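For the protein sequence lines, the chains are B and V, in the order given. Each step along the first sequence adds one to the number in this note's numbering, with nothing skipped, and position 59 is 59. Position in the second sequence counted from 1, then plus 608, gives you this note's numbering. Virtual Cβ for every residue (Gly too), placed ideally from N, Cα, C. Just so it is clear, the structure is predicted and the values come from calculations on it, not from any experiment. All remarks here apply to the structure that follows.
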Amino acid sequence: MTRIARVAASVSVLVSAVVSASEVVPAPTSKPTGPSAPAASPPALALRDVTAGSGVDFRGPHSAEKRFILESVSGGVALLDLDGDELLDLFLVGSLTVDTADRPERGRSALYRGTGDGSMFDDVSRAAGADLAGWGVGVCAGDVDGDGRIDLYVTGVERNWLLHNRSGARGLRFEEIASDVGVAGGGWSTGCGFADADGDGDLDLFVARYLDLRLDDLPEFGVGEACHYRDVPVQCGPRGLPGRGDLFFRNDGPGDGVAVRFHEMAREAGLDDAAKLFGLGVTWVDVDLDGRLDLYVANDTGANFLYRNRSRDGAPRFEESAHFDGVAVTEDGKEQGSMGIAVGDYDNNGWPSLFVTNFSEEQNVLYRSQGGDYFQDASFSSGLAAESLPFVGWGTAFVDFDNDGWLDLVVANGHVYPQMDEIRLEASRPYLQRGMLYRNLRNGRFEQIVADRDSDDPLAARRASRGLAAGDIDGDGRVDLVITDLDAETRVLRNVTTGAGHWLSVRLLGRGPRRDAVGAHLTLRTGERRQTRQVLSGTSYLSQHPLRQHFGLGDATRVDEIEVRWPDGSTSSHGPFAVDRRVVIEQPARSLAGSGDTPTANDTTERR
Amino acid sequence: MTALWLGVATSGVALAQADAPPGGEALVQEIEQELASGAAALELAEVERAESSYRRALELAQTAQLEPWVQRAHAAVETLPASAIDVVRGRIGDDAPPLDGLRRAAELGPLARDEALLLAVAERDAGRLAASNHQLRSLVERFASTTAQLELARNAAAFGNRKVAFDHARRAADEAPYSPRALRVFVRLGLDAGLASAVAPSVETLARLEPDDAEVAFLTGRMWTAVGDSGEASEALLRATTLDPDHVPARRALGLALADERRFAEARAHLEAVRSAADESADDLELEATLAEVELQLGEADAATARAHRVLEQSSRLPRALFVLGLAANRSGDFDAARGWLERAVTVPTAPPRAHYQLSIACSRLGDRACAEEHLEIYRRMLEASESPLRAAEAPTLMQRKTPARAGGETSDETGSEARSDG
């Protein structure tokens, strides 16, 4: 697609959103792949590595021995539409090693513009001002100033960056404003996420931090108790090293000459992590569907946090309740080395469940929501735990790969110690590990799709994977993946599942300053079946999935209704929709704050 | 090095030298001259199978500071022949004086080493433990006898005095730090006494000396189990069962370790194999309770709860069985029942932290915040306590970990492993 065509497409989308609360947007390169008839057997989930020719050329930081824990943790990836052209763009966080720490230009981040054609992406890093130099770690997204453009927040080892989106007719443009607006932070930051935590209408920001380390005073490799694994000298930590508390930046709206100002108030909000656990993955998610986003933090080598949102009258207040809610540790009370988080209503019970990836010899954990009040550890009963024990899991996502209406699951794996190859321990796999793809069996259980090592399944390749983001890059209605790997190139994995079901992709446009609709809750109904999604910032491992929500529909040829609960608490109903297409739903002017007549898309359209 | 060995060596060397190839001493000298190497001497000593040559090899290896050879030579000296008592019995044979004769001789004055040891064993066999200990202590005093120390340990263990047994075994191990025989006894008694950390360095030494011995692998697995590292434990125990597929205690321990490691399907295979191997296995309540937990985690809740109930009919306070029922009830949403089972579980002194954790959840669901917070706090304190010993600086290298001991392992009856005692 030419630049002019891209701009035209972008304008077209914006116009359609303005004139209609619910509008079909033809997928630019969409070739709907819905089945002509119901499949007798489940489709064969399949991915193909299309990195070569995708336009993406980005390598994760390389250090052969990983002598310092700093070198094992980075890998953020964001896959989302940053310029409003309905094509997914790709941001990759640049990182360094201890050897290159004094040469920040060696760790430049990269921005790839989605092209919508066969080449998939164009590197626009420099022109867009997104080629951050320094030791980056993770990334999350949200519209911090309500200008309708999605901004990027990038965490780093020494400081963080806020890439303010200034994109327009001249293409993708970003301006780094973290220090100006008060979110530069400091200290080794990892996962992050935006949410309107206090309900005042703008996005606040949570940033997890990991260890309290100084680059000029790093613990020596292999020296001391915290620097051995199975008797083999390895990088030190995290256990035995000092942790760092977390950060919460409240959005104070526009400031003196700047679009937005933040101030840090983790302690006042109850989000400071006084125990200084080793925070990694972060996601905001409304676990109890009370309309307020709660916060879940995956802690390495410690209990995870679930902060229930108790904010009132614009004052952010949170209560940590993970143990009582059953999501802090395993059901037998074991604290694990948690890394990444997936959120999904995998059993279509209407409530978001949590999946957490963990260190080797620890199982990945599925916390099944029991109606918002609490969770149940369904790790083993779901079939997700036993096979995960040898792996160190990182990026992860619930994704309906075959569009059957049930969320499948993907996990990126890779150990932290290259020295694992010296350790003959059956329970732990070597340093480089394969990924895992699970099919949802629609009965609460999952089945791993195991490919031969020699097959061309990219998840069978052994890597030290970290970040993972999932989205329909090529617009064919099947969700693709981007996975970052240490010591190797970032991979673009195209979903080539054959016989996939029908689908619908939904982008929400909120009113006023909440155009990104972060925190919105969607319920899609086809006949008697319902699926739910939430528009979330953060998730996976230090990564960001698209804000656009993808629904697999199986053999359904019509979506009867989509109900939206908007971030401001109002609700609206839309539909019906034809399938195999992208739609944009704009928040109606008269959406309802409470019960009563819920406006429908047609109502709203007619009134317009 | 024990004085007893000097006495036994007289006949031992003679026997060994009878089978030695001719010219061994000349070869020793030749190699000494050419290599001045403890390694070469040791190789030659192994050809000769003679204690004097091993001692010479040990001396050379020590001089050359060749630590691996020092250890091997030390071990060889200590294990040749395998059992001092066997040698004594074999040497004296039918000519041994009758027990009464030995007793009378002992009253007249100290017996020679062999005779004193023989009398001590005979007295123990006759149930006269005090008399046996008297002879053994005399041997220890007069000859610093490692064998006598080990026999004293055996006597103490036979009468259930684990601490005294362990003390004797520790002295024996101190005297003969590379003797597999002494180390085995020391390690076993240490594990029985719940002193896994104290014996960990000896386990490491033993594993180096006898890497292909199933019993040593079993002891290694027991040590890891005791310190809470089920991953290392299962590795060692798997090796033990590979080396000796009929090693039932090792297979049992492996099944328990795999269950703690959450490898439930594998755990089930080993535990059921143990059940089928022993008629009396139905009385192995710890195994049965573990099987119940395995069934619960594998989605067989009805079978799990039925089995747990059967276990509790025989032992109403077994924590693992109570935990299985509490967890199953929590899962099914019957929080009242869960609370009942788990409250019973936590009254048992050996109740694991996870019982308190699940109880806190049950209480939380029932709206009893005080109960929930109380047991959550207990759980947290237990977690911290279970980790602190491994964080101690004196923890041996073998136990260093990124991920130290995991709380939640059940107390199991590992002492059943004594069926494999080497006597």
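- Contact of glutamine 433 of chain B with chain V is not assigned, every C-beta pair being separated by 8 Å or more.
- Here the alpha carbons of cysteine 971 of chain V and proline 857 of chain V stand approximately 38 Å from one another.
- Per DSSP, arginine 261 of chain B lies in no beta strand (DSSP E) segment and is marked neither H nor E.
- Valine 50 of chain B sits buried, since 16 or more C-beta atoms from the chains shown fall within 10 Å of its C-beta.
- Between alanine 781 of chain V and serine 805 of chain V, the C-beta spacing is not below 8 Å.
- At the C-beta level, arginine 478 of chain B and aspartate 472 of chain B come within 8 Å of one another.
- Contiguous beta strand (DSSP E) elements confined to the stretch 304-334 of chain B occur at 305-309, 318-320, taking only those with 3 or more residues.
- When DSSP states are grouped into helix, strand and coil, asparagine 348 of chain B belongs to the coil group.
- Under the Cβ distance rule, serine 381 of chain B counts among the residues neighbouring chain V, one pair being separated by less than 8 Å.
- For the 8 Å CB-CB criterion, proline 238 of chain B and isoleucine 69 of chain B form a contact.
- Arginine 507 of chain B: member of the beta strand (DSSP E) spanning 502-509, first to last residue.
- For leucine 935 of chain V, the nearest CB of chain B lies under 8 Å from its own CB, placing it at the interface with that chain.
- Collapsing the DSSP output to three states places glutamine 922 of chain V in a helix.
- DSSP, read as helix, strand or coil, puts valine 410 of chain B in strand.
- Here glycine 340 of chain B is not near glycine 116 of chain B, since their CB atoms are 8 Å or more apart.
- In this structure, the alpha-carbon of valine 932 of chain V lies about 35 Å from that of arginine 310 of chain B.
- For serine 838 of chain V, the three-state secondary structure derived from DSSP is helix.
- For glycine 75 of chain B, the three-state secondary structure derived from DSSP is coil.
- Our two residues, aspartate 57 of chain B and glutamate 489 of chain B, have alpha carbons roughly 7 Å apart in a direct line.
- Between the C-alpha atoms of serine 787 of chain V and arginine 883 of chain V there is a straight-line separation of about 35 Å.
- Here asparagine 348 of chain B is near glutamine 531 of chain B, since their CB atoms are less than 8 Å apart.
- Closer than 9 Å at the C-beta level to chain B, one finds these residues of the stretch 973-987 of chain V: Arg973, Arg977, Ala980, Glu981, Leu984, Tyr987.
- Residues of the stretch 854-885 of chain V whose Cβ lies closer than 8 Å to any Cβ of chain B, in chain order: Glu869, Arg870, Arg871, Phe872, Ala873.
- Between glycine 333 of chain B and tyrosine 987 of chain V, the CB-CB gap stays under 8 Å.
- Burial is judged here by how many other beta carbons sit within 10 angstroms of a residue's own beta carbon; asparagine 443 of chain B has fewer than 16 and is exposed.
- Arginine 494 of chain B is positioned such that its CB atom lies closer than 8 Å to that of leucine 47 of chain B.
- For glycine 326 of chain B, the closest Cβ of chain V is nearer than 8 Å.
- As for any alpha helix (DSSP H) of minimum length 4 sitting wholly inside the stretch 931-1010 of chain V, the runs are 943-954, 961-973, 977-999, ordered along the chain.
- Pairing alanine 978 of chain V with glycine 499 of chain B, the inter-Cα distance amounts to about 54 Å.
- Chain B places no beta carbon closer than 8 Å to that of glycine 948 of chain V, leaving this residue out of the contacts.
- Contact annotation, asparagine 160 of chain B with serine 189 of chain B: C-beta distance approximately 5 Å; criterion of less than 8 Å satisfied.
- In this chain, the beta strand (DSSP E) harbouring histidine 574 of chain B covers 571-574.
- The C-beta of glutamate 447 of chain B comes no closer than 8 Å to any C-beta of chain V.
- For the 8 Å CB-CB criterion, asparagine 763 of chain V and serine 740 of chain V form a contact.
- Assigned with DSSP and collapsed to three states, serine 41 of chain B falls in coil, not helix or strand.
- Per DSSP, the unbroken beta strand (DSSP E) holding glycine 136 of chain B starts and ends at 136-142.
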